[in-house]
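In the order they appear, the protein sequences are chains A and B.
Residues in the first sequence are numbered from 14 upward in steps of one, following our numbering.
Residues in the second sequence are numbered from 231 upward in steps of one, following our numbering.
Heads up, the beta-carbon is just placed ideally off N, CA and C, and yes, glycines get one too.
Please read these numbers as outputs of a predicted model, since none were measured by experiment.
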Amino acid sequence: MNVNSVKLNDQTIAIEENRVPPTEKPVVRSGKLRHLLNAFEARTWRNIVIGIPYIWMLLLFFLPFLYVFKISLAESIMARPPFSTLFTWVGDAQVSINLVFDNYLLLLQDALYTTAYLNSLKIAFVATLICLIIGYIMAYGIARAQPTMRNILLLLVILPFWTSFLLRVYAWMGLLANHGIINNLLLAIGLIDKPIQMMYTNFAMYVVFVYSFLPFMILPLYANLEKLDATLDEASADLGAKPVTTFLTITLPLSVPGIIAGCMLVFIPAVGEFVIPTLVGGPDSLMIGRMLFDEFFANRDWPVASAVAVVLLILLVFPFMLYKHFSAKQEERSP
Amino acid sequence: MKPLEEKPWDTQPWLDKHKKPFLEIRGVTKKFGDFTAVNNVSLEIYKSELFCLLGGSGCGKTTLLRVLAGFETPTEGKIFIDGVDVTELPPYERPVNMMFQSYAIFPHMSVEKNIAYGLKRERLPKAEIRSRVEDVLELVQMSPFAKRKPHQLSGGQQQRVALARALVKQPKILLLDEPLAALDRNLREETQFELMNIQDKLGITFIVVTHDQKEAMTLSTRIAVMNKGQFVEIGTPTDIYEYPQSRFTANFIGSINIFEGVVKEDRLDSHVVRCEDTECDLLIDRDSSIHAGESVWVAIRPEKINVSKEEPADHHFNTVRGKILDFGYLGNLSVYNVELDSGKIVKASAPNRNRISKHRVDWDDIVYLSWEAANTVVLSG
Numbered sequence: 014m015n016v017n018s019v020k021l022n023d024q025t026i027a028i029e030e031n032r033v034p035p036t037e038k039p040v041v042r043s044g045k046l047r048h049l050l051n052a053f054e055a056r057t058w059r060n061i062v063i064g065i066p067y068i069w070m071l072l073l074f075f076l077p078f079l080y081v082f083k084i085s086l087a088e089s090i091m092a093r094p095p096f097s098t099l100f101t102w103v104g105d106a107q108v109s110i111n112l113v114f115d116n117y118l119l120l121l122q123d124a125l126y127t128t129a130y131l132n133s134l135k136i137a138f139v140a141t142l143i144c145l146i147i148g149y150i151m152a153y154g155i156a157r158a159q160p161t162m163r164n165i166l167l168l169l170v171i172l173p174f175w176t177s178f179l180l181r182v183y184a185w186m187g188l189l190a191n192h193g194i195i196n197n198l199l200l201a202i203g204l205i206d207k208p209i210q211m212m213y214t215n216f217a218m219y220v221v222f223v224y225s226f227l228p229f230m231i232l233p234l235y236a237n238l239e240k241l242d243a244t245l246d247e248a249s250a251d252l253g254a255k256p257v258t259t260f261l262t263i264t265l266p267l268s269v270p271g272i273i274a275g276c277m278l279v280f281i282p283a284v285g286e287f288v289i290p291t292l293v294g295g296p297d298s299l300m301i302g303r304m305l306f307d308e309f310f311a312n313r314d315w316p317v318a319s320a321v322a323v324v325l326l327i328l329l330v331f332p333f334m335l336y337k338h339f340s341a342k343q344e345e346r347s348p
Numbered sequence: 231m232k233p234l235e236e237k238p239w240d241t242q243p244w245l246d247k248h249k250k251p252f253l254e255i256r257g258v259t260k261k262f263g264d265f266t267a268v269n270n271v272s273l274e275i276y277k278s279e280l281f282c283l284l285g286g287s288g289c290g291k292t293t294l295l296r297v298l299a300g301f302e303t304p305t306e307g308k309i310f311i312d313g314v315d316v317t318e319l320p321p322y323e324r325p326v327n328m329m330f331q332s333y334a335i336f337p338h339m340s341v342e343k344n345i346a347y348g349l350k351r352e353r354l355p356k357a358e359i360r361s362r363v364e365d366v367l368e369l370v371q372m373s374p375f376a377k378r379k380p381h382q383l384s385g386g387q388q389q390r391v392a393l394a395r396a397l398v399k400q401p402k403i404l405l406l407d408e409p410l411a412a413l414d415r416n417l418r419e420e421t422q423f424e425l426m427n428i429q430d431k432l433g434i435t436f437i438v439v440t441h442d443q444k445e446a447m448t449l450s451t452r453i454a455v456m457n458k459g460q461f462v463e464i465g466t467p468t469d470i471y472e473y474p475q476s477r478f479t480a481n482f483i484g485s486i487n488i489f490e491g492v493v494k495e496d497r498l499d500s501h502v503v504r505c506e507d508t509e510c511d512l513l514i515d516r517d518s519s520i521h522a523g524e525s526v527w528v529a530i531r532p533e534k535i536n537v538s539k540e541e542p543a544d545h546h547f548n549t550v551r552g553k554i555l556d557f558g559y560l561g562n563l564s565v566y567n568v569e570l571d572s573g574k575i576v577k578a579s580a581p582n583r584n585r586i587s588k589h590r591v592d593w594d595d596i597v598y599l600s601w602e603a604a605n606t607v608v609l610s611g
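Have a look at this one:
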């Protein structure tokens, strides 16, 4: 390095800075028409790429949902399909619309449904909270691990997905049963003299819930924590903050988007979960997913089952919309 | 943050044998596995110095700074600040603050809150925090931006916030990691002087890590040139530029021409050096450590070489003849690469004091290069 060459470099840099940055060049085609064609093509392709998933959602989620909504406003009848029709032609050019709100009224009046809804929300909330605490610690640990170790640790988090969900729940049943592995082990070392009742209790349900949904908490949290600049922690320490303070004032506030994403991913499927409460839950842990199943298949009361589903969706969508509304407002306030 | 009325420090405290150093680094080594980033360095820095650690990438300068900040524990050695051993203290208990190269501004806090962060950790009364934040914002001319979020600031403004956040803590020593590297050239020059003014006003000891020799020369009271985890040379900018001790320093700071030769004759006030690359002998000032028969490196800076088309009258010593190989017009000065008959290329530069419309020399012109013996430096290694 020497003075002259540095000067030379500075000059070349100065020249480059003054230059207008190159704009994105479209495929070279001569003429105005070609130019328009290029612009049209770009827009069309963009629309197609964005459009495909939306069409998919429309066809496979929104339309079926409308259908379910329609059924929820019908009457249960002994027929095939087992519900009354919404529109009936009466005489010439007259349509009678037959809306039945009984199903929704039933959900309000029958304490069984209200209990099931509240219970589902409570269990999902507690499971999400436990997942958040365990998941945060794990995600933080993985994000702060050596880069070579990170991938292995992440793989271990995802590994259970390689076997069927149902199989994993059954495996837990084998572990938690009265003559299961855990009880046998404890009996063998003499810690207990009769098996502990774990299956068909809330405890078993929470264990399996947390186990099943933990990766959904860890992955978004990891993605968030991994991006956090480690020098922010150093800057905080440098300014006199002890590690706990640094965590509470820097790391935690900056990981809120990850926390929200993780909690959504756990809470929403947990509320409607059917398999876990059915297989390991006790008689007192009635959840709405199980009610839904019973209404459809045991009672064959499709309209009520549909109403249950619609209300569940509203229950889940409402807090989500509220959150979106407030976060959008917050962004408006600090542009 | 009040500016000091008088300057209680003298300008060259390191020359005073009785002066107590403010920061003492004693035999500090930092190893990462097999790699030694900092290798047994010792250094004494005095109060209110603006000290630069200068070196290329991977020379260990940033590691040394991080050791001082407390982010790395030295493998060996001790660090004393104001007489207190801080070697084992965690960063949050050290009386030093750091300005990070990336600024590390907390993205979720406003400018104000970023600056108040360190004061809140000291549990100061709210009124004091507010007044100190206001003062420091004024000092760095950021008062109108107090409520802004970091992402609404330009690079230069972010740099000021980072500086203010560290300054507001009134640290005993402020560590700056490449403070100006992220700014564009014009802003960098402007900020350099501002940084010096702030340091002058507050009298805080600054330690600046930089790879930019110009920046180091402009800013510092003293520079430590680092290479491979060790100090090559420590001195004032003038010492380091005009009297480099080693070839590494001479080459690293500015550009220089080095002639290898053998001392032919010791005179009363000079030595005559025979060099194979030059036709005439080289004359250097008397130096008690040099004796006839020894081989030496004689160095001369390009700007101290006189370029002329006519042969100088006194051409017994320090005059070489060569062909213009290349020349560059840089506006304020012109640089020449001259090839001697031996094939050695000598760099020379001359300021363009008068406006020129036509270059005085052309490619392949024969020119004479000459210099004063007093302007040469003898390098030891």
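Handout entry: Burial state of B/H501 (16 or more Cβ within 10 Å)
Key = Buried: at least 16 other Cβ atoms inside 10 Å.
Exercise for the section: May I ask you to report which of helix, strand or coil DSSP gives B/N270? Expected result: B/N270 falls in the strand class under three-state DSSP.
Problem - Contacts that A/K357 makes with chain B (C-beta to C-beta distance below 7 Å) - result: Residue numbering for chain A in the displayed model covers 14 to 348; residue 357 of chain A lies beyond these limits and cannot be assessed.
Exercise for the section: Compare the beta carbon distance of B/N344 and B/V391 with 8 Å and say whether it is the shorter of the two. Expected result: A distance below 8 Å separates the beta carbons of B/N344 and B/V391.
Problem - Nearest neighbour of B/T451, chosen from B/Q460, B/G433 and B/H546 [CA to CA] - result: The residue from B/Q460, B/G433 and B/H546 with its alpha-carbon nearest to that of B/T451 is B/G433.
Practice task
Buried or exposed for A/S268, please, with buried defined as at least 16 other CB atoms from any protein chain shown within 10 angstroms of its CB.
Solution key: That one is buried.
Practice task
Measure from the C-beta of B/F423 to each C-beta in chain A and report whether the shortest distance is under 8 Å.
Solution key: Output row for B/F423: interface = no.
Practice task
Would you kindly check if the distance between the Cβ of B/F482 and the Cβ of B/D511 is under 8 Å?
Solution key: Cβ distance not < 8 Å, so B/D511 and B/F482 don't count as in contact.
Handout entry: Check whether A/I272 and A/L329 have beta carbons under 8 Å apart
Key = Cβ distance not < 8 Å, so A/I272 and A/L329 don't count as in contact.
Exercise for the section: Please decide whether B/A299 counts as near chain A, where near means a Cβ-Cβ distance under 8 Å. Expected result: So yes, B/A299 belongs to the interface.
Practice task
Please check the pair B/G307 and B/G257, which I expect to be a contact at CB under 8 Å, by giving their CB distance rounded to whole angstroms.
Solution key: Rounded, the Cβ-Cβ distance is 4 Å, consistent with contact.
Exercise for the section: Give the residues of chain A in contact with B/A454, contact being defined as C-beta atoms less than 8 Å apart. Expected result: Within chain A, no residue comes near B/A454; the closest Cβ sits about 17 Å away, beyond 8 Å.
Exercise for the section: Note the first and the last residue of the continuous alpha helix (DSSP H) segment covering B/Q387. Expected result: Under the DSSP assignment, B/Q387 falls in the alpha helix (DSSP H) whose first and last residues are G385 to L397.
Problem - Near-chain A residues of the segment 338–366 of chain B (beta-carbon distance less than 8 Å), N- to C-terminal order - result: Residues H338, Y347, G348, R351 and E352.
Handout entry: chain B contact for A/I263 (CB, 8 Å cutoff)
Key = Residue-level contact check: A/I263 touches chain B, since one or more beta carbons of chain B fall below 8 Å from its beta carbon.
Practice task
Taking only the alpha-carbon atoms, compute the straight-line gap between A/E308 and A/Y117 and give it to the nearest angstrom.
Solution key: C-alpha separation (whole angstroms): 14 Å.
Handout entry: the segment 266–278 of chain B / the segment 438–448 of chain B touching (three or more Cβ pairs under 8 Å)
Key = Contact fails between the segment 266–278 of chain B and the segment 438–448 of chain B, because fewer than three Cβ pairs, one in each stretch, are under 8 Å apart.
Exercise for the section: Name, please, each residue of chain B whose Cβ falls closer than 7 Å to the Cβ of A/S248. Expected result: Checking the sequence, you will find Ala at residue 248 of chain A rather than Ser. For the C-beta of A/A248, the chain B residues within less than 7 Å are, from N- to C-terminus, F330 and A334.
Problem - Listed by chain order, chain A residues near B/K399 by CB distance under 8 Å - result: Correct list: L252 and G253.
Practice task
Please classify B/D315: does DSSP put it in a helix, a strand, or coil?
Solution key: The answer is strand: DSSP assigns B/D315 an E or B state.
Exercise for the section: Determine the chain B residues that contact A/P266 at a beta-carbon separation under 7 Å, and present them in chain order. Expected result: Close partners of A/P266 in chain B (Cβ separation under 7 Å): H338.
Practice task
Could you tell me which of B/R516, B/S518, B/V528 and B/Q331 sits nearest to B/T292, measuring between CA atoms?
Solution key: When B/R516, B/S518, B/V528 and B/Q331 are compared, the shortest CA-CA separation from B/T292 is found for B/Q331.
Handout entry: Cβ separation of A/S225 and A/F174, assumed to be a contact under 8 Å, to the nearest whole Å
Key = The C-beta distance from A/S225 to A/F174 rounds to 10 Å, too long to fall under 8 Å, and the pair is not in contact.
Exercise for the section: Alpha carbon to alpha carbon, how far is A/R181 from A/V293? Give it in angstroms, no decimals. Expected result: Cα to Cα, A/V293 sits roughly 12 Å from A/R181.
Exercise for the section: Decide if A/S357 is buried, meaning its Cβ has at least 16 other Cβ atoms within 10 Å, or exposed. Expected result: Outside the displayed range of chain A (14 to 348) lies residue 357 of chain A, so it cannot be described from this structure.
Handout entry: Proximal residues, the segment 155–176 of chain A versus chain B, C-beta separation under 9 Å
Key = Contact annotation: in the segment 155–176 of chain A, no residue has its CB less than 9 Å from a CB in chain B.
Problem - Reduced DSSP category for B/E602 - H, G, I as helix; E, B as strand; rest coil - result: Judged by DSSP in its simplified three-state form, B/E602 adopts coil rather than helix or strand.
Problem - Partner residues on chain B for A/L278, Cβ-Cβ distance less than 8 Å - result: In chain order: nothing, as chain B lies at least about 23 Å away.
Exercise for the section: In angstroms with no decimal places, state the Cα-to-Cα distance between B/F281 and A/L335. Expected result: Going by the C-alpha atoms only, they are around 55 Å apart.
Handout entry: Reference A/I146; option with closest CA among A/F96, A/L227 and A/A243
Key = Among A/F96, A/L227 and A/A243, the Cα nearest to that of A/I146 belongs to A/L227.
Exercise for the section: With distances taken Cα to Cα, identify the nearest neighbour of B/V550 among B/E569, B/S564 and B/V565. Expected result: Of B/E569, B/S564 and B/V565, the smallest CA-CA separation from B/V550 is found for B/E569.
Problem - DSSP three-state assignment for B/N188, whether helix, strand or coil - result: Nothing about residue 188 of chain B can be reported from this structure: the residues present for chain B run from 231 to 611 only.
Exercise for the section: Measure the alpha-carbon distance for A/Y183 versus A/I289 and round it to whole angstroms. Expected result: One C-alpha to the other measures close to 10 Å.
Practice task
Could you name the residues of the same chain whose beta carbon sits closer than 6 Å to that of B/M447, not counting the 5 residues immediately before and after it, in chain order?
Solution key: If the five residues before and after B/M447 are omitted, its C-beta is found closer than 6 Å to the C-beta atoms of P467, all from its own chain and listed in chain order.
Practice task
Use the C-beta contact count for A/I136: other C-beta atoms within 10 angstroms, 16 or more gives buried, fewer gives exposed.
Solution key: Buried: at least 16 other Cβ atoms inside 10 Å.
Handout entry: Proximity below 8 Å, CB of B/N562 to CB of B/N582
Key = A contact, by the Cβ cut-off of 8 Å.
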